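What follows is a single structure, written as structure tokens, with notes after it.
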Amino acid sequence: MPKDKDLLIVLGTGLFNLEHLEDRNFDVLMVEDQTLCRRMRFHKQKLAFLLAAMRNHRDALTREGHTVHYFDLNTGISLTDAIDATVARVKPSKLRYFETDETASAKAIEAAIQRLALKADML
Numbered sequence: 004m005p006k007d008k009d010l011l012i013v014l015g016t017g018l019f020n021l022e023h024l025e026d027r028n029f030d031v032l033m034v035e036d037q038t039l040c041r042r043m044r045f046h047k048q049k050l051a052f053l054l055a056a057m058r059n060h061r062d063a064l065t066r067e068g069h070t071v072h073y074f075d076l077n078t079g080i081s082l083t084d085a086i087d088a089t090v091a092r093v094k095p096s097k098l099r100y101f102e103t104d105e106t107a108s109a110k111a112i113e114a115a116i117q118r119l120a121l122k123a124d125m126l
């Protein structure tokens with residue numbers, strides 16, 4: 004019987020190589036959050052670089068065989084809503100995420116864990 008999949012949240016400021024994760028049975032959630040783009044006072048070129056890096060990382064993860072649930076800026080979806088929608092669709096056994104210094108993103112993830120009563124691992 005196959006093991007349930009986890010859901011790994013990857014933020015734009017945390018595009019790490021995932022080859023070092025022992026358990027690789029996970030889907031990936033990535034969100035180009037408009038709120039973050041407005042809140043962080045990025046130069047337009049830096050913002051374009053960040054979004055391009057996220058899209059490149061998504062493509063690399065897909066080539067490695069991961070299922071990536073990706074929400075681009077045009078969807079207008081927030082990180083919170085993307086987590087809710089993806090958890091409802093995937094029904095993961097656990098939410099995994101990397102520690103972040105983005106306070107609003109960290110709070111959104113922690114609130115989702117509580118609201119959805121999920122097991123979670125901060126990496």
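Its first residue numbered 4, the sequence shown is counted upward by one per residue in my numbering. Ideal placement from N, C-alpha and C gives every residue a C-beta, glycine not left out. Quantities reported herein were computed from a predicted structural model and do not represent experimental measurements.
(request) Return the first residue and the last residue of the alpha helix (DSSP H) that I112 is part of. (result) Where I112 is concerned, the enclosing alpha helix (DSSP H) starts and stops at 106-118.
(request) Mind the definition here: the stretch 58-69 touches the stretch 91-99 only if three or more C-beta pairs lie below 8 Å; say whether that holds. (result) No, because fewer than three Cβ pairs between the stretch 58-69 and the stretch 91-99 fall closer than 8 Å, the two stretches do not touch.
(request) Have a look at A115, G79, L11, E67 and flag the residue whose alpha-carbon is nearest the alpha-carbon of F29. (result) Each of A115, G79, L11, E67 was checked against the Cα of F29, and the nearest Cα belongs to L11.
(request) Please say whether T89 and H69 have beta carbons closer to each other than 9 Å? (result) No, these two residues do not count as a Cβ contact at 9 Å.
(message) Check this for me: beta carbons of T83 and A123, under 9 Å apart or not?
(response) For T83 and A123, no; Cβs fall outside 9 Å.
(request) Give the straight-line distance between the Cα atoms of A85 and A107, rounded to the nearest whole angstrom. (result) A straight line joining the alpha-carbon of A85 with that of A107 spans about 15 Å.
(request) Closer than 6 Å by C-beta to V93: which residues in its own chain qualify, once you throw out the five before and the five after it? Chain order, please. (result) Hits under 6 Å: L10, D30.
(request) Reducing DSSP to helix, strand and coil, say where R99 ends up. (result) Strand.
(message) Do L53 and G79 have their beta-carbon atoms positioned less than 9 Å apart in this structure?
(response) In this structure, G79 lies away from L53, with their beta-carbon atoms at least 9 Å apart.
(message) Is the beta carbon of V34 closer than 9 Å to that of S81?
(response) In contact: S81 and V34 (Cβ atoms closer than 9 Å).
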